[in-house]
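Trainee: One structure, as structure tokens, below. Some questions next.
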Amino acid sequence: MTEPLARFPITGPEIDRVVTAFYARVRDHHMLGPVFAAHVTDWPEHEAKVAAFWKGSILHEDGYDGSPMRAHRQAGDVRPGMFPVWLGLFDDTLRRELDPLAAAGWSALAHRIGTSLRAGVVDREKLPGGIPKLR
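To convert, count from 1 in the sequence shown and add 12; that's this note's numbering.
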């Protein structure tokens, strides 16, 4: 059953399941795990907040209170090379957990958000001459 106003066929419980599965993999990832571990002290709370973000973005539900851009800027250790790794792991999780239509729809949205997030978090820093600071 699709939730009302959904961008693609998916339910709230499916979003919860994907977020839980994704962060289980993040915690074990050699690059992403240590970065998240430095900032996340309560995994269930973090996963609930991220699920609320996705439910707002996909299902147009109220409930997310936060700014992903601000959180990632304040972390101070998010680097350009992390975004393709994050998105690759997320895409793989989507393919494992969802039907192809829902996985493709969510992946497209995640890639748009990831591009924007990268631009606002790491690509905004410039060296002299306007060259992006990539490290």
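A virtual CB, placed ideally from N, CA and C, is assigned to each residue, including glycine.
Just to check my reading of the structure: Asp28 and Ala63 have Cβ atoms closer than 8 Å, yes? What is that Cβ distance to the nearest angstrom?
Mentor: Confirmed, Cβ separation roughly 5 Å.
Trainee: In the DSSP assignment, find the alpha helix (DSSP H) that holds Ile125 and state where it starts and stops.
Mentor: Ile125 -> alpha helix (DSSP H) spans Pro112 to Val133.
Trainee: CB-CB under 8 Å to Asp89, same chain, minus the five flanking residues each way: which ones, in chain order?
Mentor: Val47 and Ala50.
Trainee: Excluding the 5 residues preceding and the 5 following Leu44 in the sequence, name in chain order all residues of the same chain whose CB lies nearer than 6 Å to its CB.
Mentor: Only Val38 meet the Cβ criterion.
Trainee: So, are the CB atoms of Phe102 and Phe34 less than 7 Å apart?
Mentor: Against a cut-off of 7 Å, the Cβ pair of Phe34 and Phe102 comes out as a contact.
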